[in-house]
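J.: To start, I am sharing the structure in question, which I have written as structure tokens.
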Amino acid sequence: MAAGYLDILRARHAARLLAGTLVGRLPNGTAPIAIVLFTRAEGGGYTLAGALAAAYGLATAVGQPLLGRAVDLYGQPRVQLPAAVVSALGMVLLAVCGLGVLPLAYAAVIVAGLFTPPLEGGLRALWPSVLGREDRVHRAYAMDAVAQEVMFTLGPLLVTLLVALWSPAAALLVINALGVLGALWVVLSEPSRAWRSAPREAHWLGALRSPGLLALLGAFFFVGLALGSITVAGVAYADDHGRESVYGWLMAALGLGALIGGAAYGARQWAGAPERRLRSIVALLALGYLPLTLTPGVVAMTALAALAGVFLAPAIACSFIVVDRHAPRGTVTEAFSWLVTTFGVGAAAGTAVAGPAVELGGTAQGFAVAGAGGVAALLVLLATGKVLAAPVRTPEVVIGPENDRNGAAEPGFSSGHKA
Numbered sequence: 001m002a003a004g005y006l007d008i009l010r011a012r013h014a015a016r017l018l019a020g021t022l023v024g025r026l027p028n029g030t031a032p033i034a035i036v037l038f039t040r041a042e043g044g045g046y047t048l049a050g051a052l053a054a055a056y057g058l059a060t061a062v063g064q065p066l067l068g069r070a071v072d073l074y075g076q077p078r079v080q081l082p083a084a085v086v087s088a089l090g091m092v093l094l095a096v097c098g099l100g101v102l103p104l105a106y107a108a109v110i111v112a113g114l115f116t117p118p119l120e121g122g123l124r125a126l127w128p129s130v131l132g133r134e135d136r137v138h139r140a141y142a143m144d145a146v147a148q149e150v151m152f153t154l155g156p157l158l159v160t161l162l163v164a165l166w167s168p169a170a171a172l173l174v175i176n177a178l179g180v181l182g183a184l185w186v187v188l189s190e191p192s193r194a195w196r197s198a199p200r201e202a203h204w205l206g207a208l209r210s211p212g213l214l215a216l217l218g219a220f221f222f223v224g225l226a227l228g229s230i231t232v233a234g235v236a237y238a239d240d241h242g243r244e245s246v247y248g249w250l251m252a253a254l255g256l257g258a259l260i261g262g263a264a265y266g267a268r269q270w271a272g273a274p275e276r277r278l279r280s281i282v283a284l285l286a287l288g289y290l291p292l293t294l295t296p297g298v299v300a301m302t303a304l305a306a307l308a309g310v311f312l313a314p315a316i317a318c319s320f321i322v323v324d325r326h327a328p329r330g331t332v333t334e335a336f337s338w339l340v341t342t343f344g345v346g347a348a349a350g351t352a353v354a355g356p357a358v359e360l361g362g363t364a365q366g367f368a369v370a371g372a373g374g375v376a377a378l379l380v381l382l383a384t385g386k387v388l389a390a391p392v393r394t395p396e397v398v399i400g401p402e403n404d405r406n407g408a409a410e411p412g413f414s415s416g417h418k419a
């Protein structure tokens with residue numbers, strides 16, 4: 001298993017791009033907890049903290065596909081680094097000015113979210129030109145999904161450590177400074193500077209004109225909804241058992257399951273159409289969420305949480321392949337950014353729905369929202385099977401300069417596909 005990942009990391013530029021992207025995404029991955037801790041330290045209530053975090057999340061959802069389209073049009077360095085700097089300045093404004101003028105605080109988090117650089121989509125666009133072979137790129141997608149789980153686990157711990165050592169304002173400043181450095185490390189690399197998107201058809205819908213991509217986005221809205229609802233239901237479960245630490249155990253188990261599942265998924269080559277494979281993985285994902293409604297004792301519940309997480313990273317990794325196959329020519333970064341946005345909006349919807357579900361029906365009903373989300377995602381994939389069966393392009397590793405004056409293969413593994 002490890003040999004395949006080491007093969008990828010030994011490829012020139014691969015380790016740098018992965019590490020730089022993860023560090024560059026730290027501000028986005030830690031923003032909710034950092035904003036909440038800062039707001040509480042400034043004397044604001046949980047309602048205000050939640051509203052500021054929600055404003056940041058909504059702005060990020062709006063900005064990602066717009067910046068992704070800009071990357072496809074103008075290249076990575078001209079978009080990613082300026083966006084990272086502006087986003088960091090938004091958080092600096094919040095840290096320096098505090099909550100004294102609330103409209104200014106809201107403006108600060110909105111700017112920070114709106115200009116969050118689409119490093120995640122950018123990295124996936126770079127993998128084909130860095131790794132070449134299709135099987136290596138697919139394994140890199142799985143490694144990327146696993147690395148995300150590590151970041152979302154360790155990132156909040158880093159924030160809390162910085163808060164303990166200094167202050168919430170210092171945590172905001174340090175995390176966002178690291179984010180800029182991560183983005184800088186990526187855009188100064190040779191693959192990032194050389195990459196150019198393939199020529200694209202002028203269309204106001206951009207990547208969204210692909211029916212297959214729309215189907216995938218519809219499914220992953222519900223996957224995000226399921227994951228978002230678990231965070232709320234997990235808090236309710238911890239309250240029921242009178243220990244805040246229980247919530248940490250559940251989330252850690254969920255992340256551990258995703259790490260194991262993602263690592264195992266990427267360790268082997270898969271035959272057959274990824275669209276069909278994605279349906280099977282999402283079916284297993286939904287099946288893993290349903291037992292959470294039993295809400296057994298803490299030990300058993302922690303084991304169920306780990307089981308529920310096993311198929312999350314494989315589902316995300318497989319979705320990257322499907323996005324790449326269905327994104328219209330010249331829109332790959334935008335398409336990946338739409339997946340990030342849709343997943344995030346779904347997670348926000350999940351937290352919004354799970355709260356009333358817990359209040360009306362108890363903790364089990366909160367977890368039932370997660371199960372319903374998984375089932376809904378599967379139903380979307382089943383209902384759109386014919387659309388997903390007709391990809392815009394079929395990946396084929398052909399490294400050539402036809403549409404790239406720098407000689408890098410277009411994301412999609414083929415530099416000569418038909419749109």
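Heads up, the sequence shown is in the numbering used here, so the first residue is 1 and it goes up one at a time. From the three backbone atoms N, C-alpha and C, an ideal C-beta is built for every residue, glycine too. Nothing here was measured: the structure is a model prediction, and the numbers come from that model.
Between which two residues does the alpha helix (DSSP H) containing residue 40 stretch?
T.: Unbroken alpha helix (DSSP H) run through residue 40: 26-41.
J.: Could you tell me the distance, in whole angstroms, from the CA atom of residue 394 to the CA atom of residue 312?
T.: Residue placement at residue 394 is flagged as unreliable, the pLDDT there being 46, under the threshold of 50; the coordinate-derived value follows with that caveat. If you take the alpha carbons of residue 394 and residue 312, they lie about 25 Å apart.
J.: Under 7 Å Cβ to Cβ from residue 289, same chain only, skipping five residues before and after it: list those, please.
T.: Cβ neighbours of residue 289 beyond the five flanking positions: 226, 308, 370, 371, 374.
J.: In chain order, what residues of the same chain have a beta carbon less than 7 Å from the beta carbon of residue 126, not counting five sequence neighbours either side?
T.: Correct list, in chain order: 17, 191, 192, 195.
J.: With respect to the alpha helix (DSSP H) encompassing residue 193, which residues constitute its N-terminal and C-terminal limits?
T.: 190-194 is the extent of the alpha helix (DSSP H) around residue 193.
J.: Whole angstroms are fine: how far does the CA of residue 30 sit from the CA of residue 108?
T.: Looking at the two C-alpha atoms, the distance is approximately 16 Å.
J.: What is the C-beta distance between residue 262 and residue 314, in whole angstroms, given that I count them as a contact (C-beta under 8 Å)?
T.: With a Cβ gap of about 6 Å, residue 262 and residue 314 count as contacting.
J.: Mind checking residue 68: buried by the 16 CB within 10 Å criterion, or exposed?
T.: So residue 68 ends up on the buried side.
J.: Between which residues of its own chain and residue 219 is the CB-CB distance below 6 Å, once the five residues before and five after are set aside?
T.: Closer than 6 Å at the Cβ level, and outside the excluded window around residue 219, lie 377, 380, 381.
J.: Taking 8 Å as the threshold (C-beta atoms), are residue 72 and residue 351 in contact?
T.: Not closer than 8 Å, so no.
J.: What are the start and end residues of the alpha helix (DSSP H) that includes residue 294?
T.: Per DSSP, residue 294 belongs to no alpha helix (DSSP H) and is neither H nor E.
J.: Just checking, does the segment 93-105 make contact with the segment 203-217 on the three C-beta pairs under 8 Å criterion?
T.: The segment 93-105 vs the segment 203-217: no contact.
J.: Thinking C-beta only, is residue 116 closer than 8 Å to residue 155?
T.: The answer is no: Cβ separation not under 8 Å.
J.: Would you check if the distance between the CB atom of residue 187 and the CB atom of residue 80 is smaller than 8 Å?
T.: A contact, by the Cβ cut-off of 8 Å.
J.: Can you give me the start and stop residues for the alpha helix (DSSP H) that residue 228 sits inside?
T.: From DSSP, the alpha helix (DSSP H) with residue 228 extends over 211-240.
J.: Just to confirm my understanding: we take residue 83, look at its own chain, exclude 5 residues before and 5 after, and list those with CB closer than 6 Å. What are they?
T.: Cβ within range, chain order: 67, 115, 117.
J.: Rounded to the nearest angstrom, what separates residue 239 and residue 285 at their Cα positions?
T.: Looking at the two C-alpha atoms, the distance is approximately 26 Å.
J.: What residue range does the alpha helix (DSSP H) around residue 350 cover?
T.: Where residue 350 is concerned, the enclosing alpha helix (DSSP H) stretches over 332-361.
J.: Quick check: residue 175 and residue 49, are their CB atoms within less than 8 Å of each other?
T.: Contact: no.
J.: In chain order, what residues of the same chain lie with their CB nearer than 7 Å to the CB of residue 143, ignoring the 5 residues before and after it?
T.: Excluding residues within five positions, the ones whose Cβ falls inside 7 Å are 5, 8, 266.
J.: With a threshold of 16 other CB atoms inside 10 Å of the CB of residue 322, please say whether the residue is buried or exposed.
T.: Residue 322 should be labelled buried.
J.: Between residue 11 and residue 132, what straight-line distance do the alpha-carbon atoms span, to the nearest angstrom?
T.: Between residue 11 and residue 132, the C-alpha separation is close to 10 Å.
J.: Please look up how many angstroms separate the CB atoms of residue 90 and residue 112, rounded, as I've assumed it's under 8 Å.
T.: Sure, about 3 Å apart at Cβ, within 8 Å.
J.: If you draw a straight line from the C-alpha of residue 36 to the C-alpha of residue 339, how long is it?
T.: If I take the Cα positions, the gap works out to 26 Å.
J.: Would you list, in sequence order, the uninterrupted beta strand (DSSP E) runs of no fewer than 3 residues that lie entirely inside the segment 111-168?
T.: Here no run is fully enclosed.
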